[in-house]
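Peer 1: Counting in the working numbering, the sequence shown runs from 7 upward without gaps.
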Amino acid sequence: MFDSLSDRLGSVFDKLRGRGALTEDDVRAAMREVRIALLEADVALPVVRAFVDKATERAVGSDVLRSVTPGQMVVKIVSDTLTETLGADASDLLIDVTPPAVVMMVGLQGSGKTTTTAKLAKRLKEKERKKVLMASLDVNRPAAQEQLAVLGTQTDVATLPIVAGQQPVEIARRALQAAKLQGFDVLMLDTAGRLHVDQALMDEMKAVAQVADPAEILLVVDSLTGQDAVNVARSFTEQVPLTGVVLTRMDGDARGGAALSMRAVTGQPIKFAGTGEKLDALEPFHPARVAQRILG
Ligand code: GDP
7 MFDSLSDRLG SVFDKLRGRG ALTEDDVRAA MREVRIALLE ADVALPVVRA
57 FVDKATERAV GSDVLRSVTP GQMVVKIVSD TLTETLGADA SDLLIDVTPP
107 AVVMMVGLQG SGKTTTTAKL AKRLKEKERK KVLMASLDVN RPAAQEQLAV
157 LGTQTDVATL PIVAGQQPVE IARRALQAAK LQGFDVLMLD TAGRLHVDQA
207 LMDEMKAVAQ VADPAEILLV VDSLTGQDAV NVARSFTEQV PLTGVVLTRM
257 DGDARGGAAL SMRAVTGQPI KFAGTGEKLD ALEPFHPARV AQRILG
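1) Taking the C-alpha atoms as reference points, what is the distance between E289 and A235?
2) Using the Cβ count rule (16 or more neighbours within 10 Å means buried), how would you classify S267?
3) With respect to 7 Å, is the separation between the Cβ of T254 and the closest non-hydrogen atom of ligand 1 below this value?
4) Relative to the alpha-carbon of V227, which residue among R255, Q245, R179 has its alpha-carbon at the smallest distance?
5) Go to P290, then tell me how far its alpha helix (DSSP H) extends in each direction, as first and last residue.
6) Kindly indicate the opening and closing residues of the alpha helix (DSSP H) around V54.
7) Alpha carbons only, please: which of V296, I300, R299, H292 is nearest the one belonging to D98?
8) Expressed to the nearest angstrom, what Euclidean distance is found between the alpha-carbon atoms of D162 and L15?
9) Any heavy atom of ligand 1 closer than 7 Å to the CB of Q115?
10) Can you tell which of A239, A127, D95 has the C-alpha that lies nearest to the C-alpha of H202?
11) Okay, do the stretch 271-284 and the stretch 241-252 touch, 3+ Cβ pairs below 8 Å being the bar?
12) Would the beta-carbon of K119 be found less than 7 Å away from any heavy atom of ligand 1?
13) Rounded to the nearest angstrom, what separates S142 and R34 at their Cα positions?
14) Determine the direct distance from the alpha carbon of G171 to that of L126, and round the result to whole angstroms.
15) What runs of the alpha helix (DSSP H), each 4 residues or longer, lie entirely inside the stretch 241-282?
16) Using the beta-carbon count (16 or more within 10 Å), is A5 buried or exposed?
17) Mark R168 as exposed unless 16 or more other C-beta atoms lie within 10 angstroms of its C-beta, in which case mark it buried.
18) Hey, would you say M79 sits closer than 8 Å to V70, going by beta carbons?
19) Would you report the Cα separation of A206 and G113, rounded to the nearest angstrom?
20) Between which two residues does the alpha helix (DSSP H) containing I168 stretch?
21) Label A149 either buried or exposed according to how many other C-beta atoms from any shown protein chain fall within 10 Å of its C-beta, with 16 as the threshold for buried.
22) Can you grab the Cα-Cα spacing for the pair V54 / G263, in whole Å?
23) Taking the alpha-carbon positions, what's the A218 to T231 distance?
24) Report the start-end ranges of each beta strand (DSSP E) in the stretch 190-229 that is 3 residues or longer and not cut off at the edges.
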C-alpha cells in the first residue's frame, strides 16, 4: 500500500531539516520526492507539475539557499505553496442575495450529495439562523425524494412536499415558488446523481440552473475516489458554472490528494469537508489547516 502523503513528505522534510547548507541539486532531489509523494497521493499530474515547478522556482531562485536554515526555508516554501494550491482562505457560502438564495447541489450518485444537502441545511439553520427549504430533484433513484424527507425530519428542516410524476425542472420551479411564498431564506436543491457523468445529466443540471438561478452550485465529490474525483470535477466544470466544491469522506482520506487537485481543476474553492456519516459531520474547509494535516 501507499504511504500517506504526510508520511512521504514528512520523510523528505526530515532529511532537509537536518541539513545545513543546501545546493540547488539538493533542492531538486527533494522536489523529485515531493513529486512522487503527490502522484502517489492521486494528485492530478498537471497539478503536481505546476506545484513542483512553483515550489522549485521559489526555493532556488531566492536567497533561501544562502540562509542560515535553508532546509527549513524549503519546507516552509513547500508548505506555503500547498496552502496556496488548496486555496488561500476559507470561503463562505454566497447566500447574501435577495431571498430565497438557491443552493444547487450536484455530483455523482453515491458521492454523498443528499447527506451533504441535509448537513449544510442543518448548519445554516443552527449556525446562521436561516429558514431553509430542501427539495430533491432526483426522480431517477427510487426513494431519493423520500430519503431527503427523512433527513429533513431528522434535522428539523422543511422539505418540499413530494408530488409523484413531476420532472426535475418542474420540481425546481415549484420549490422556488414555495420558497418565495413561504419566506424561506435558502432553498437547497438536491439534484439527481448518475453512476457516471453523461450528457443527459449535464443537460438536466443546466435546465434546472436556468429555472432556479442558483447563487451557489456546489459540486459534491468523494475524496476517496482519487483520480476519478478529478475527472468528475473536470467534466462538471466544463458544463456547469460551479461556485464551489464539497469534499466528502475526508474522514477516510489518508492521502489528501483529491483536495489538492480540486481547487486547481475547478478553479473554485473547496467550501466544506464531510467528515463522517453523522449530520453534524461537516466542517468549513480551511486550506492552511488541511495543508498542515497533509504535511503532518
Ligand atoms: P448521494 O447518492 O450522492 O446522494 O449519496 P448519499 O448522500 O446517499 O451518501 C452515500 C453514503 O455516504 C451514505 O451512507 C452516507 O452516510 C455516506 N456519507 C456521506 N458523506 C460522508 C462523509 O463525509 N463521511 C462518511 N464516512 N460517509 C459519508
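Don't be surprised by glycine CBs; every beta carbon is placed ideally from N, CA and C. Computed from a predicted model, the values in this text were never measured in an experiment.
Peer 2: Short version:
1) The sequence position of residue 289 within the sequence shown is 283, counting from 1. The sequence position of residue 235 within the sequence shown is 229, counting from 1. Computed Cα separation, rounded: 19 Å.
2) Within the sequence shown, residue 267 is the residue found at index 261, counting from 1. Buried is the call here.
3) Here the question's residue 254 lines up with position 248 in the sequence shown. Yes, the beta carbon of T254 sits closer than 7 Å to at least one heavy atom of ligand 1.
4) Locating residue 227 in the sequence shown gives position 221, counting from the first residue. The shortest C-alpha to C-alpha distance from V227 to any of R255, Q245, R179 is the one to R255.
5) Taking the sequence shown and counting its residues from 1, the one referred to as residue 290 is at position 284. For P290, no alpha helix (DSSP H) run applies; the uninterrupted beta strand (DSSP E) run containing it begins and ends at 288-290, by DSSP.
6) Residue mapping note: residue 54 aligns to position 48 of the sequence shown, counting from 1. For V54, the enclosing alpha helix (DSSP H) has its first and last residue at 51-66.
7) Here residue 98 corresponds to residue number 92 of the sequence shown, with the count starting at 1. Check the Cα spacing between D98 and each of V296, I300, R299, H292: the tightest is with H292.
8) The residue given as residue 162 occupies position 156 in the sequence shown. The residue given as residue 15 occupies position 9 in the sequence shown. Spanning the two alpha carbons is a distance of roughly 44 Å.
9) Here residue 115 corresponds to residue number 109 of the sequence shown, with the count starting at 1. Answer for Q115: yes, Cβ within range of ligand 1.
10) Counting from 1 along the sequence shown, the entry for residue 202 is found at position 196. Closest by alpha carbon: A239.
11) Pairwise C-beta distances place the stretch 271-284 in contact with the stretch 241-252, as three or more of them are shorter than 8 Å.
12) Numbered from 1 along the sequence shown, position 113 holds the residue referred to as residue 119. Yes - ligand 1 has a heavy atom lying nearer than 7 Å to the Cβ of K119.
13) As a position in the sequence shown, residue 142 is number 136, starting the count at 1. As a position in the sequence shown, residue 34 is number 28, starting the count at 1. Approximately 51 Å between the Cα atoms of the pair.
14) Along the sequence shown, one-based indexing puts residue 126 at 120. Along the sequence shown, one-based indexing puts residue 171 at 165. Roughly 27 Å separates the two Cα atoms.
15) Correct list: 263-272.
16) Shown here, the chain extends from 7 to 302; a query on residue 5 therefore has no answer.
17) Start at 1 with the first residue of the sequence shown, and residue 168 comes out as number 162. Looking at the sequence provided, one finds Ile at residue 168 rather than Arg. Flag for I168 reads exposed.
18) Working through the sequence shown from its first residue, we reach residue 79 at position 73. Working through the sequence shown from its first residue, we reach residue 70 at position 64. Contact: yes.
19) Along the sequence shown, one-based indexing puts residue 206 at 200. Along the sequence shown, one-based indexing puts residue 113 at 107. Taking the CA atoms as reference points, A206 sits about 13 Å from G113.
20) Taking the first residue of the sequence shown as position 1, residue 168 is located at position 162. Here I168 belongs to no alpha helix (DSSP H), and DSSP marks it neither H nor E.
21) Within the sequence shown, the letter at position 143 stands for residue 149. A149 is exposed by the Cβ-count criterion.
22) Sequence index remark: in the sequence shown, residue 54 carries index 48 (1-based). Sequence index remark: in the sequence shown, residue 263 carries index 257 (1-based). Whole-angstrom Cα-Cα distance: 10 Å.
23) Taking the first residue of the sequence shown as position 1, residue 218 is located at position 212. Taking the first residue of the sequence shown as position 1, residue 231 is located at position 225. Taking the straight line from one Cα to the other gives about 30 Å.
24) With a minimum length of 3 residues, the continuous beta strand (DSSP E) runs that stay inside the stretch 190-229 are 192-196, 222-228.
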